[in-house]
Amino acid sequence: MANEATARKPRFYSPQQLAARWGRERRTIIRAIASGKLRAVRLSNRGAFMIPASEVERVERGEQQ
């Protein structure tokens, strides 16, 4: 049986994690955030972003913003 912590979905994805999940380059994810096609939370003034899992699921379902 899977441990509860490993069975849970992540609440947020880094651009690197999302790039790996979608088979894209990290820069492509950053461009989607910058253009407004992908919602993200900025964690610092230096540009660190996290993408909510709900946003990832919305895009994967093909829904528009």
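Oh and the sequence shown: position 46 is 69 in our numbering, straight run, nothing missing. Glycine included, C-beta positions come from ideal geometry on N, C-alpha and C.
What would DSSP say about residue i, mapped onto helix, strand or coil?
| i | result |
| --- | --- |
| P75 | strand |
| R3 | An answer regarding residue 3 cannot be provided, because it is not within the stretch 24 to 88 covered by the chain. |
Measure the C-alpha to C-alpha separation of residue i and residue j and round it to an integer number of angstroms.
| i | j | result |
| --- | --- | --- |
| G46 | G70 | 22 Å |
| I56 | R31 | 25 Å |
| Q40 | R50 | 12 Å |
| R54 | F72 | 12 Å |
| Y36 | A76 | 7 Å |
| R84 | E78 | 10 Å |
To the nearest whole angstrom, what separates the beta carbons of residue i and residue j, a pair I think is in contact under 8 Å?
| i | j | result |
| --- | --- | --- |
| I74 | L61 | 6 Å |
Among residues of its own chain, excluding the 5 on either side of residue i, which ones have a beta-carbon nearer than 6 Å to its beta-carbon?
| i | result |
| --- | --- |
| I52 | P38, L41, A42 |
| V64 | M73 |
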